[in-house]
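This report refers to the structure that appears directly beneath it.
Residue numbers (UniProt numbering): 1 to 355.
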């Protein structure tokens, strides 16, 4: 196939780093029928051909912006460490639709995203109705309280009614779970119905507008009979990858080129340094070398990392071809120098050394 034919089989996306959400929203909404083409991303004003690394970076940066709590689309629970749809969001349906499109495109383009949704999101994408059990991940304290309520025999003294109170921009508001719910007391006979309606409100009704747009965007890319073949855990795995980091498996699966072997001094120093890294530093290293800080399906060993010699001792920093999972490592003269150069490279990896 010639270059021209290949070009028209790609969805070309030109965006500005300073206006990533708006540019992406505009371009991805223009020709939705092209969403199933592989992406080729160009950052305006930057040279270079996207061989995969730029696309990975695009996804990472866009997800970071969209899930920024200050942006207002999602809330973040320190207790559960999950994001959830902001029921008070003033953002447009199109922006929630964009998030769904991005998740779908990530699957279609084989990119793992750093998205922290509870499993119930993937259940809902597959049309599975949420249950009380699904609250355990998202709101553990509420889950425990509702479970305790169901176990109680005498609950009239708690003076509960069929209503839910919630915060809306600093003001407490009330939603009735049934008509005239503020006058219907929760009793031992109707407590199951109360819990069911409470769960339905939290996981369905309160975010219906936002989730509907999100799901619509996702199905634009990944809709069809094939989606029904997946379990919700498998869907999460395709989008988010594994949460476990087995760097021993990464080391076992790594190959060496350009004159390096597993016994080379620089290689020995490198893995010594990796073993001493914090989890956050390991994630930075993973992002620097692969364009993603999550393990793919199959674990880190399946990445097939390549460490290639990139010249003699130098002051230059390590670089990477993220599309091929190649780390280009000069033959530094000491472990201390390698540590200094590597730390500087991985801590400034956004837009640097990615191809």
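Note that beta-carbon positions come from the ideal geometry of N, C-alpha and C, so glycine has one too.
Check                                                                                                            : Outcome
Near the ligand NAD: residue 189 beta-carbon under 8 angstroms from a heavy atom                                 : Ligands are entirely absent from the displayed structure, and the ligand NAD is therefore not among its contents.
Beta carbon proximity, residue 45 to chain D, threshold 9 angstroms                                              : No chain D appears in the structure shown, which is made up of a single protein chain.
Residue from 252, 341, 164 and 18 with nearest C-alpha to residue 184                                            : 164
Residue 161 - DSSP class collapsed to helix/strand/coil                                                          : strand
Cα-Cα separation, residue 40 to residue 226                                                                      : 25 angstroms
Beta-bridge pairing of residue 289 - partner residues as DSSP gives them                                         : Paired residues: none, contrary to the question.
With 16 other Cβ atoms within 10 Å as the buried cut-off, status of residue 134                                  : buried
Limits of the alpha helix (DSSP H) - the one that residue 320 falls within                                       : Per DSSP, residue 320 belongs to no alpha helix (DSSP H); it is in the beta strand (DSSP E), 319–321.
For residue 37 and residue 7, the rounded distance between their alpha carbons                                   : Annotation note: pLDDT 34 at residue 7 (below 50); position unreliable, coordinate value reported separately. Distance between the alpha carbons of residue 7 and residue 37: 10 angstroms.
Contact check, residue 325 vs residue 304, beta carbons under 9 angstroms                                        : yes
Cβ distance (whole Å) where residue 101 is taken to contact residue 210 below 8 angstroms                        : Actually they do not touch by this definition, with Cβ atoms about 14 angstroms apart.
For residue 329 and residue 309, believed in contact at Cβ under 8 angstroms, the rounded distance               : 7 angstroms
Where the alpha helix (DSSP H) containing residue 171 begins and where it ends                                   : Taken as a continuous stretch (DSSP letters only), residue 171 belongs to no alpha helix (DSSP H), being part of the beta strand (DSSP E) at 171–176.
Exposure of residue 347, with buried meaning 16 or more beta-carbon neighbours within 10 Å                       : exposed
Rounded straight-line distance, which links the Cα of residue 115 to that of residue 283                         : 14 angstroms
Helix, strand or coil at residue 307 [DSSP, three-state]                                                         : strand
Top-ranked residue by Cα proximity to residue 72, from 12, 81, 344 and 87                                        : 87
Through-space distance from residue 123 to residue 292, alpha-carbon basis                                       : 25 angstroms
Beta carbon of residue 218 nearer than 9 angstroms to that of residue 103                                        : yes
Residue range of the unbroken beta strand (DSSP E) whose run includes residue 55                                 : That residue, residue 55, is in no beta strand (DSSP E); its alpha helix (DSSP H) goes 53–66.
Helix, strand or coil at residue 43 according to DSSP, with G and I counted as helix                             : strand
Close Cβ partners of residue 313 (< 7 angstroms) along its chain, the five nearest in sequence each way excluded : 330, 331, 332 and 333
As assigned by DSSP and simplified to three states, the class of residue 329                                     : strand
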